[in-house]
Every structure is written in C-alpha cells, then in structure tokens.
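Colleague:
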Amino acid sequence: MRWHPPGFGGERRDPEDVKRDGWLERGVLVIAEDDGRLTWPERELVRQLGAKLYGKRPLQEVHHD
C-alpha cells in the first residue's frame, strides 16, 4: 500500500516551503535571527521583536544554516 494519510509517511516538505505556506495561508511568519537574507537592521528588528514577545534568549550564539 503506497497511500499515506496527510502528515504520515511519504516525503518531508522543505522547511522553507512550510514557512512560505504558513505566511501565505495563515499570516504566520517564521524567521531565524541569523537569516543571511536579511540586512543587519532587519536581523536586529527580528531579535528585538522576539525578545519583546518571548523574552531574551541565552547569550550563546545559534546558527541556522
């Protein structure tokens, strides 16, 4: 049997596709603080928004490649 219910089995979706669909379909934005596509002021805005909504992050550096 090759049929899988949605969300079970099959191929995993690319994370960027999931983020794009979340934005387009639900208005949910997922951004990594260190996303290389953003300029420094944009990354700083993301950091400040995250800190305001969810609290400050630990002082360790995280890289999302």
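Position in the sequence shown counted from 1, then plus 111, gives you this note's numbering.
C-beta atoms are modelled at their ideal positions from N, C-alpha and C, and glycine is treated no differently.
Predicted model, so just to flag it, every value in this text is computed and none were measured.
Cutting at 7 Å between CB atoms, please list the residues of its own chain near G133, excluding the five before and the five after it.
Modeller: Excluding positions up to five away in sequence, the list reads V139, V141.
Colleague: Given K130, which residues of its chain have a CB within under 6 Å of its CB, disregarding the five upstream and five downstream residues?
Modeller: These residues qualify, in order along the chain: V141.
Colleague: Over the uninterrupted alpha helix (DSSP H) stretch that includes V129, give me the two end residues.
Modeller: Taken as a continuous stretch (DSSP letters only), the alpha helix (DSSP H) holding V129 covers 126-137.
Colleague: Check for me: the alpha helix (DSSP H) holding W151 runs from which residue to which?
Modeller: Note, W151: alpha helix (DSSP H), 151-165.
Colleague: Do you know offhand how far P117's Cα is from R123's?
Modeller: When rounded, the distance between both Cα atoms is 11 Å.
Colleague: By how many angstroms is the C-alpha of L160 removed from the C-alpha of P152?
Modeller: Their backbone Cα atoms lie some 12 Å apart in a straight line.
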